[in-house]
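Each residue of the sequence shown is one higher than the one before, counting from 546 in my numbering. For every residue, glycine included, the Cβ atom is placed at its ideal position computed from N, Cα and C.
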Amino acid sequence: MTYQVDKKGYYGEFGGAWIPEMMYANIEELKVKYLGIIHSYTFQNEFTQLLKDYVGRPSPLYYATRLSEHYGSHIYLKREDLNHTGSHKLNNTIGQILMAQKLGKTRIIAETGAGQHGLATATVCALKGLKCVVYMGALDVGRQAPNVKKMKMLGAEVIPVHSGNKTLKDATNEAMRDWINNPVDTHYIIGSVVGPHPYPDMVAIFQSVISKEMKSQLKAQTSNELPTRILACVGGGSNAAGAFYHYLDDQAVELIGVEAAGKGIDTHETAATLTVGSPGVLHASKTMLMQNADGQITEPYSISAGLDYPGIGPMHAHLFKSGRAKYLSATDEEVLQAALLLTQKEGIIPALESAHALAALNQLTLLPEETTVVNLSGRGDKDMQTYLDHFGY
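Okay, here's the thing in structure tokens:
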């Protein structure tokens, strides 16, 4: 069994490009050209240079001594929070801005939930001097105000979306409408491994630098490039795709994604897609999604804006269905306590999204001889008001 995309854009039964005719030209151009561009010498040379000198890669693989003592096992953190802009998102936007330039595009659009992808997109547009428009749910504009201000300072136009539940799904809807109306000069930088083929594969390739580095760093620190398990939070799933990518065929490594349970998977306020969802089509891709009996999308909920999405990338749907990866979920309260534990044990304040992966440590039996890598996908600056309100500091 392969866990990579096939020639038709599918991961097993999931994926594809379920697009309206008006979007065909946009997608076909990308599908025909993306691999040739990515694997070209000039692209790889500039991409690698920017990851090193601009993003700050390789990100450290940090042995969390006090957290390891707490759990009685070896815990490593892949420090994507130390990247420029504060998350893994810049890995993808660097790749896609170079792709846009190779395609001759002069205008960039993006969707964002937690604001990290929007921030990363605004950053690379400033770097390359391209016009930037970011769609963001009105609810997220309010709860992620620091990132909104940063995007505007970088020169991006941030458009609040007031439809639906005013979060990530709705921002994605509006970005897709924009792209349909502006196919010639505009490139849509999708922020996760979602959407029509080739986006899930393209984003996974750009994020795969995470697991590529992880292998060599583990080898250097432990003499074994294979950990016992890898933990990563999952909304759409780009940071998890990157952390899993170079381990997909290493069956000895347990891959664990952690979804947002919100207020509980037995409530209507959750974003745990794989736990409560079923197969369907969302944002031009067949995947697992949250829907009612009539096939209408049900609104997700999570304390973390980046995981507040009713679907999941088709790669993850396939990994789940095939049994290659396991998917857990963590509630808002579990996440807040996990974030506080890391902060007070290691002096690292994580993003709410990343704290979902940390929360799953409490659901596992961790043995003294085992090695667990947690992909710390982002830092908690953007979530400070939520933390302060909850803990009463």
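- Note: E656 is bridge-paired with Y680 in the DSSP secondary-structure output.
- Per the Cβ contact rule, the segment 549–559 is in contact with the segment 738–758 (3 or more Cβ pairs under 8 Å).
- V729 sits in coil when the DSSP states are folded into three classes, being neither helix nor strand.
- The Cβ atoms of E656 and L713 sit closer than 8 Å to each other.
- According to the DSSP secondary-structure assignment, E702 is paired through a beta bridge with V678.
- Boundaries of the beta strand (DSSP E) around L776: 774–778.
- Here the alpha carbon of I564 sits roughly 28 Å from the alpha carbon of Y872.
- Within the same chain, S604, P605, Y607, L921 come within 6 Å of R624 by CB-CB distance, once the 5 residues on both sides are set aside.
- Beyond the five residues adjoining it in sequence on each side, V686 comes within less than 6 Å, by CB distance, of V693, P705 in the same chain, given in chain order.
- Under the three-state reduction of DSSP output, A900 falls in the helix class.
- Per DSSP, the beta-bridge partners of V826 are K831.
- Using a 10 angstroms sphere on the CB of T593, the tally of other CB atoms stays under 16, which defines it as exposed.
- For Q836, the pairing in a beta bridge is given by DSSP as I842.
- The beta carbons of G787 and Q752 sit closer together than 8 Å.
- DSSP places V738 in the coil class of the three-state scheme, outside both helix and strand.
- Rounded to whole angstroms, I734 and E770 show a C-alpha spacing of 32 Å.
- Using a Cβ distance threshold of 8 Å, L819 and L827 do not count as a contacting pair.
- Annotation: D877 to Q796 spans about 31 Å, alpha carbon to alpha carbon.
- For G787, the enclosing alpha helix (DSSP H) has its first and last residue at 783–789.
- Note on K764: under 16 other CB atoms within 10 angstroms of its CB, so exposed under the neighbour-count rule.
- Taking C-beta atoms as the reference points, L887 and L612 count as a pair closer than 8 Å.
- Across the structure, A671 and H629 are spaced so that their CA atoms are roughly 14 Å apart.
- If you draw a straight line from the Cα of S761 to the Cα of G840, it comes to about 45 Å.
- Our two residues, A562 and S830, have alpha carbons roughly 6 Å apart in a direct line.
- Nearest Cα to Q908 within the set E914, D794, L664, V880: V880.
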